[in-house]
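Protein chains in written order, with the numbering used here: chain A, 1 to 337; chain B, 1001 to 1337; chain C, 2001 to 2337; chain D, 3001 to 3337.
4 protein chains.
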Amino acid sequence: MIIILKNNAPKQEIEKLIEGIEALGNITANTIIGEHSSIIGLVGDTSRINEDDIAASDVVEAVKRVQEPYKMANRKFHPDDTVVQVGDTSIGGTGLTMIAGPCSVESEEQIVAVAEAVKKSGATMLRGGAFKPRTSPYSFQGLHDTGIQLLLEAKKITGLPIVTEIMSIAHIDLFADVDVIQVGARNMQNFELLKELGHCDKPILLKRGLANTLEELLMSAEYIMAGGNQNVILCERGIRTFETATRNTLDLSAVPMLKRLTHLPIIIDPSHACGIAWMVEPMARGAVAVGADGLIIEVHNNPQKALCDGKQSITPAAFDSLMQNLRPMAQLMGRTL
Amino acid sequence: MIIILKNNAPKQEIEKLIEGIEALGNITANTIIGEHSSIIGLVGDTSRINEDDIAASDVVEAVKRVQEPYKMANRKFHPDDTVVQVGDTSIGGTGLTMIAGPCSVESEEQIVAVAEAVKKSGATMLRGGAFKPRTSPYSFQGLHDTGIQLLLEAKKITGLPIVTEIMSIAHIDLFADVDVIQVGARNMQNFELLKELGHCDKPILLKRGLANTLEELLMSAEYIMAGGNQNVILCERGIRTFETATRNTLDLSAVPMLKRLTHLPIIIDPSHACGIAWMVEPMARGAVAVGADGLIIEVHNNPQKALCDGKQSITPAAFDSLMQNLRPMAQLMGRTL
Amino acid sequence: MIIILKNNAPKQEIEKLIEGIEALGNITANTIIGEHSSIIGLVGDTSRINEDDIAASDVVEAVKRVQEPYKMANRKFHPDDTVVQVGDTSIGGTGLTMIAGPCSVESEEQIVAVAEAVKKSGATMLRGGAFKPRTSPYSFQGLHDTGIQLLLEAKKITGLPIVTEIMSIAHIDLFADVDVIQVGARNMQNFELLKELGHCDKPILLKRGLANTLEELLMSAEYIMAGGNQNVILCERGIRTFETATRNTLDLSAVPMLKRLTHLPIIIDPSHACGIAWMVEPMARGAVAVGADGLIIEVHNNPQKALCDGKQSITPAAFDSLMQNLRPMAQLMGRTL
Amino acid sequence: MIIILKNNAPKQEIEKLIEGIEALGNITANTIIGEHSSIIGLVGDTSRINEDDIAASDVVEAVKRVQEPYKMANRKFHPDDTVVQVGDTSIGGTGLTMIAGPCSVESEEQIVAVAEAVKKSGATMLRGGAFKPRTSPYSFQGLHDTGIQLLLEAKKITGLPIVTEIMSIAHIDLFADVDVIQVGARNMQNFELLKELGHCDKPILLKRGLANTLEELLMSAEYIMAGGNQNVILCERGIRTFETATRNTLDLSAVPMLKRLTHLPIIIDPSHACGIAWMVEPMARGAVAVGADGLIIEVHNNPQKALCDGKQSITPAAFDSLMQNLRPMAQLMGRTL
């Protein structure tokens, strides 16, 4: 960590600041005095120092962090890729994870039909929303516990592990048989939820918030990992920008950047990112090409009658065609599909 | 709501779409056929229609909403300003609400000292965080129930009503004696939390999310109001943009725009918006000048030793000076302070 | 175009508005009267109507455009892909265009060495900056006319057509022998420059501005095309967002979206988008996978000694390896390389 | 400037880097070796070093600038406020500058009528566009030289100095009698234009680009000042964000921040920022309250018939009322109006 001092900061004040910092232990401060500005370089364990607190000092002009503030998620300290095991399948290894299913679980007929179709096409996991975060209180909010029951029904029939979103820790008991718990973009910094999920033993699919940096995403993963749960899967699903042609802007550069910063697996959600069904396939190809470990895709047997997000759902037939088109691309990237 | 049809959409499909929409009841569809494009205008109660679901139809090019999707928060249907009563004081009337206090409650000595100081300067409410949303799991997370007890202690001594942030519905019982419950920016779309707060009888201070539009803010207010709780206070606290000179970009234009769209009171948080102590006063002046109903300001008796957000906290002396400088501005705007 | 009228707008005023619009010719107005709001649907040639001007009317609440405001760039009116011929090569056909070269032309030795190297690896065009847009007036600004002479020298030796950026119409004569003129991101809405380039007969490589929508990019292309020059090549080079891990955020979803909206070819600049050398290859793969017509890549024989943008430049050896790795990907996408 | 070195960077390579930097002269490098990372602190004149070039080195992880890259615009080196003299009036002193007039000059009748009206209300300068940057080539582009002639006519009649926008250096001769030359937001980084304006002796009104940081704005001012022209007036006119309720987001926090960073005067354009006529007055009040040196406001005698930007223009009557309402606010801020 580097502390840039104000011009003409009194020597005594600087020394007091250094004393205070070194009192935290395991930190050594080195001072460089320049004509126009002086700096203090901190060497050691700076993870417990908050930049803003240092910046509150009267003699400090700015504080800049050198080391990443996350540890357990940091590739520097864990060079090998994390592979998350989910039933018979895994996320983060050489296989390309394909998670498919409807935005919302609507009925047994619907979820089983979609599950059977996507399994036949090669999907490795089933997604489906039981609790739905909707901007409007007047929109369909999901089938809740019934939705989870129907997902488990579909799992029993197809054998596909299931992923579904949690919106409140109060519902955690309903997720006992769920294979992967999803934290949605709007809850990426719902820290109380993250802490609780750190104490459970299930893999967590953590989606990047609409306006969250990659560092913040990793800090949220760190919340879960610090609680003891190392099975975190990151998901980029589009960020909010000024562009309105697509619902969000899919940041595919997040994939190689995250691969460098962390050992956790990364998947891409092209459905929510673009919000348009016909864009799913080209962006899915792009995701595989930049090195994503998998995809999560909305598939609905009747998109025009979907209770939510029909605009971005593809049909089982389109998913089947997508899978066939992705296979050579996956192979090229050294992935099995 | 207006539906723009695709070129050469088959007449039969268009009719099917219209039938489906009109089946929802209380909606009439009018079709305008043009050379290059045709549109359907929907008249009636379109609040239950989801644009994206219509947009999923094969014959639809785009859907545009004409009416606001919020009702209870909408000034069109409630022309008079809402005034929220909090103990002896109120928010949204002719008075200018001044909420002041530390980012975090740290000790009885600290919170009582700050409370007494800001009361003397004219603050109408006391703020202080007991549960703190921190980006890092390694940062100070607040004193939790002890923090709330200390706030109540400070209230007993000063008579100032207290505002403090809730981070999980699991903690709701601890808030029984709190006067105003704050929903932080990161939880603005924590819909399960909003729903629960709709069932409680306390005023809710709802902060705008870092990347949320004013319409989304009003939809989140609508969640609370739809549950039966009409006492919602909106708070603009800076949005995330590309600019890095300030922590966030304070959107003061939100004040007159929200005043037009809704009847709910609006306050400004210049401390979190800019993240810099010396910017609090000029931006507080700006907030009053554009018509805000109040301010929420971080005050700490020793900013350099604050356990969080010291960089943006002002001292009790600076707050006292701010109050004196704000008085003529408030008067000019027809506000008592 | 759809005009949403204010509640209780006087009938007489509405009629006056309609008269004014229909007076422009070739436009028919249809009015739909609803309980809470009424709309006017305009059918015909609305390209000359400015939304904001209509929105200034006292009786208008909002105006929404249905048809795209661009015509010559619009795929609806020109379904076939435009293929831009540049010397022996072309952009936008089945071949994948590979433009490579240094950020700045620095010396004959440098530009010839890079040109020979990238040609050997399979590049189809040479890039190099003679006029450099730099944020700081104290940074190296390019070799100007000497830079162009050196590019022409490299062209003579290698046969590679050259692309270089124009920053002012005052320099146009210096570009007489340049093959493709580049308009940089910062000049995307330098409309006077665009108008002048509309009168020249050279292909124009038009880069998307840092904060410009795809529609604005197409409107800038329309400026050039309206002047008579149909040879416009679009280039996505990263947009400005809140994320700081990469210099900009590369918007690969722009490729399929632009392919749908326009018939013009689209290339990707991964070097400027990410600003980091090791990210060029993965993002180049992603670009090909989403359907880009080509890439423009910074290659420098000694990135550590580059006079600008060394951080994002790759070596000739890295470019050669990139080309080999891209070939099977290009083939998979039905492109020759 | 601080250079963060990669872990395990070879000592020899670090020494080579330091040698290269010190060879630039007037720079001393101090190295701090830590366990996990080492840093080099550069002390001296680092304004000619480009961060990205250093960052290209194999041994460098990151580079962080400590000192601002602008000098002539920097308040540190010029503590006193710059006051720009324009005819009998000045910008940046104790007076509040009020620039008013139509978006476009449309006719002699129009510009003279508006000029006389705004003068009577107390405006100190007249604005009006002769060259108009329009997104669409099919929109009205301004009256060009005739427009400037009409402005000069209005100046002769009213005595108001005139401000008008330049879009190309090719038109500079037409601006011989113009009092202040405006550089629009889209040309803020048209560096060739800025360089030329650095050689002229007229005050330049430099608008912040839609997605430009305050540092970039100051670097563009530096371009003009480095050429010899110290009379630069900065203008905040709204930045591009995700919010769509207003055309842009007016960043009023830019005023106090710029006041700290630079000695140049700063004015606010509430008309372009919000794009809505009724928002001009509240945001103008806010601008004065945060300490702006002036305002530039669009006034049109018939907004509904304006050839551009009618939606955001206010009538002369509304401007007169605005002036009366602003006076006590200006007085409160110690400004004469």
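From the three backbone atoms N, C-alpha and C, an ideal C-beta is built for every residue, glycine too.
For V3232/D, the pairing in a beta bridge is given by DSSP as I3204/D. Membership of N325/A in any beta strand (DSSP E) is not indicated; the residue belongs instead to the alpha helix (DSSP H) covering 316-332. Remark: C-beta atoms of M1/A and I49/A approach each other more closely than 8 Å. For I2033/C, the closest of A2211/C, N2007/C, E2019/C by C-alpha to C-alpha distance is N2007/C.
Judged by DSSP in its simplified three-state form, G1020/B adopts helix. Note on H2199/C: under 16 other CB atoms within 10 angstroms of its CB, so exposed under the neighbour-count rule. For the region 1059-1076 of chain B, the beta-carbon criterion of a distance under 7 Å to any beta-carbon of chain C is satisfied by K1064, V1066, Q1067. If you check the CB distance, I224/A and L194/A come in under 8 Å. The residues Y3070, A3073, L3261, T3262, in chain order, have a CB closer than 7 Å to that of L3218/D in the same chain once the five nearest residues on each side in sequence are set aside. Put simply, of N2325/C, L2206/C, D2179/C the residue whose alpha carbon is nearest the alpha carbon of S2090/C is D2179/C.
The shortest CA-to-CA distance from M2323/C to any of V2083/C, G2041/C, T2097/C is the one to T2097/C.
In this structure, V280/A lies away from G2286/C, with their beta-carbon atoms at least 8 Å apart. Residue environment: G3228/D is assigned as exposed (fewer than 16 neighbouring CB atoms within 10 Å of its CB, all protein chains considered).
About 11 Å separates the Cβ atoms of I2021/C and V2063/C, ruling out a contact at the 8 Å cut-off. For Q3085/D, DSSP records a beta bridge to S3090/D.
I54/A does not reach chain D, its nearest Cβ partner there being about 15 Å away, counting only Cβ pairs nearer than 9 Å. With a beta-carbon spacing of about 6 Å, N2190/C and N3190/D fall inside the 8 Å limit used to define contacts.
Counting of Cβ neighbours within 10 angstroms places K3120/D among the exposed residues, the total staying below 16. DSSP places K1311/B in the helix class (H, G or I) of the three-state scheme. Around the beta carbon of E1196/B, 16 or more other beta carbons sit within 10 angstroms, so the residue counts as buried. Between Q3304/D and A3277/D, the beta carbon gap of about 11 Å keeps them out of contact (Cβ cut-off 8 Å). Boundaries of the beta strand (DSSP E) around G2041/C: 2039-2044.
Neighbours of P328/A in chain C, taken as residues at a C-beta separation under 7 Å, are given in chain order as L2332.
Bridge pairing for K1064/B: I1002/B [DSSP]. For M2283/C, the enclosing alpha helix (DSSP H) covers residues 2280-2289. Legend: CB atoms of the region 2158-2182 of chain C lying less than 9 Å from CB atoms of chain D belong to residues M2167, S2168, I2169, A2170, H2171. Taking V2059/C as the centre and dropping the five residues before and after it, the same chain places the C-beta of L2005, K2006, A2009, P2010, E2013, I2014, L2017 closer than 8 Å to its C-beta, in chain order. Under the three-state reduction of DSSP, S2107/C is assigned to coil, being neither helix nor strand. Assigned with DSSP and collapsed to three states, A3115/D falls in helix. Counting the other CB atoms within 10 Å of its CB gives Q2085/C a total below 16, which places it among the exposed residues. The region 201-220 of chain A and the region 233-247 of chain A touch, with three or more beta-carbon pairs separated by less than 8 Å. The CB of T241/A comes closer than 9 Å to the CB of A2211, I2239, R2240, T2241, F2242, T2249, D2251 in chain C, given here in chain order. In the three-state scheme derived from DSSP, where H, G and I count as helix and E and B as strand, M2098/C is classed as strand. The alpha carbon of N3231/D has as its nearest neighbour, out of V3083/D, E3068/D, G3025/D, the alpha carbon of V3083/D. When DSSP states are grouped into helix, strand and coil, L1210/B belongs to the coil group. Scanning P1079/B, A1330/B, Q1331/B, I1268/B for the CA closest to the CA of A1100/B turns up I1268/B.
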